[in-house]
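In our numbering, the protein residues as written are 1 to 353.
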């Protein structure tokens, strides 16, 4: 989830900033204007329930750079966090969807990375970070708790880790969206990208079986299949094959731009709207990591910018605390020495002033 009210309220100001029309505006007054538009009640983008993963993905800094301990979030902390979350009412989501169609020109029935970000992500609690949620033994229970709170749930995972029994339990417990990451229809190429533990053949068979169960019992879970656009010479052909493999099935398939392109020391480009706009995470949402720490966004693989501890503080206290205010100011000041200014592809608001 992210604060859709903030996105709508800041939209005109954002256009002016992106068009270079506010460069002479007083920075302090603009900061305070952004603070007024920010909801004082926090919105949680994602809870990383575990940072355990058995993949060795070439495009992920977790593979070579993550040094924090492997932790699965305890249920008490998870309950404490979700008890402070409220889903958006349907009337507000309808207003948001009208706003998206009108300003981003993406229809509600589209199927693309920008459709997914603008129509799905705003209403769901994301349950992944730098780990595979399928390795979290508590995931079916977490889904059930969210369903009781009417909080839509979603996570991305590696289909080779599918456990049929647990997956069916998650479907039964009301999982809203599940995304399976597939990089090739060829097992050798898949292992080259995501490591020896991955494959396509076995994963594909498991997904087909779950789709049949979903159809038989009419589970509401939306199954998504995504390939990352890594600019491989065979990429376009492989995506066509992947699309063909799921043709005429009840599956949402799309090609996703690669995040974290700084990790490759080259810019391959992106078609993702939220990576083309300036970073709004400091004003629109929070991330809670598996150890309970609150960090600035899902991309902080090593918990380098810790803004609070959800085990000890309320989300309101963290979101409105001095550390978060300083962090928002860092985006204006382009403060050196932090991940946001040195290891992130997103434009900071200070770059536009």
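C-beta atoms are modelled at their ideal positions from N, C-alpha and C, and glycine is treated no differently.
Reduced DSSP secondary structure (H/G/I, E/B, other) of residue i
i	result
residue 312	coil
residue 104	coil
residue 307	strand
residue 167	helix
residue 354	For the chain, the structure presents residues 1 to 353; residue 354 sits outside this window and is missing.
residue 173	coil
residue 229	strand
residue 147	helix
residue 117	helix
residue 203	helix
residue 246	coil
residue 26	coil
residue 142	helix
residue 354	Residue coverage of the chain in this structure runs from 1 to 353, which leaves residue 354 outside it and unanswerable.
residue 234	coil
residue 187	helix
residue 325	helix
residue 268	coil
residue 335	coil
residue 2	coil
residue 21	coil
residue 342	helix
residue 353	coil
Selection from the options that minimises the alpha carbon distance to residue i
i	options	result
residue 321	160, 40, 9	40
residue 36	89, 46, 7, 47	7
residue 226	150, 233, 238	238
residue 134	170, 122, 116	170
residue 137	126, 162, 114, 119	162
residue 179	172, 157, 343, 199	157
residue 324	236, 335, 276, 307	307
residue 120	67, 176, 83, 140	176
residue 315	38, 51, 294, 219	294
residue 122	1, 73, 268, 278	1
residue 264	252, 78, 63, 207	63
residue 57	30, 15, 132, 49	132
residue 149	167, 125, 230	125
residue 287	32, 42, 10	42
residue 32	337, 81, 174, 332	332
residue 199	207, 206, 190, 205	190
residue 165	209, 154, 330	209
residue 117	274, 318, 196	274
residue 60	110, 49, 319, 193	193
residue 329	313, 351, 111, 220	351
residue 235	66, 34, 186, 296	186
Counterpart residues of residue i in DSSP-defined beta bridges
i	result
residue 157	180
residue 46	126, 287
residue 224	179, 252
residue 293	309
residue 11	According to DSSP, which records beta bridges pairwise, residue 11 is partnered with nothing at all.
residue 347	278
residue 257	229
Within 9 Å, strictly: CB atoms of residue i and residue j
i	j	result
residue 159	residue 188	no
residue 151	residue 92	no
residue 284	residue 113	no
residue 299	residue 344	yes
residue 130	residue 51	yes
residue 224	residue 146	no
residue 95	residue 101	no
residue 258	residue 230	yes
residue 127	residue 104	no
residue 78	residue 142	yes
residue 327	residue 18	no
residue 80	residue 339	no
residue 222	residue 254	no
residue 73	residue 44	no
residue 184	residue 242	yes
residue 213	residue 168	yes
CB contact below 9 Å: residue i versus chain B
i	result
residue 290	The question asks about chain B, but that chain is absent: this structure has only one protein chain.
Heavy atom of the ligand SAM within 8 Å of residue i beta-carbon
i	result
residue 337	What this structure holds is no ligand at all, so the ligand SAM is not there to describe.
Handout entry: Whole beta strand (DSSP E) elements within the stretch 29-97, 3-residue minimum
Key = With a minimum length of 3 residues, the continuous beta strand (DSSP E) runs that stay inside the stretch 29-97 are 44-47.
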